[in-house]
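Input: a single structure, listed below in structure tokens.
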Amino acid sequence: MEKERKGFSYTVSREQLEDYRKWPIERRLKWLYYANKMRKGLPKKTIEIQELFRSGKI
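Numbering (my numbering), first residue to last: 10 to 67.
What follows is the structure in structure tokens.
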């Protein structure tokens, strides 16, 4: 029996990776910082749902 697929996936093209590699380190770190800061501002329930997706529970 095939296991039901859960969680999520996404694709990053080679072009997107190459573009990211061209960014200066400072820009990459700022991008990560702001992404983490944005996530911390999300409602607790939203973060819980995201974690369930990441772990493949839903």
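Note that CB positions come from ideal geometry on N, CA and C, so glycine has one too.
What is the DSSP secondary structure of residue i, counted as helix, strand or coil?
| i | result |
| --- | --- |
| TRP32 | coil |
| LYS46 | helix |
| PHE17 | coil |
| LEU51 | coil |
From residue i to residue j, what distance separates their C-alpha atoms?
| i | j | result |
| --- | --- | --- |
| ILE58 | GLY50 | 15 Å |
| ARG48 | LEU41 | 11 Å |
| LEU26 | ALA44 | 18 Å |
| LYS46 | ARG37 | 14 Å |
| LYS66 | VAL21 | 23 Å |
| PRO6 | LYS39 | Only positions 10 to 67 of the chain appear in this structure, which leaves residue 6 out of reach. |
| TYR29 | ARG23 | 10 Å |
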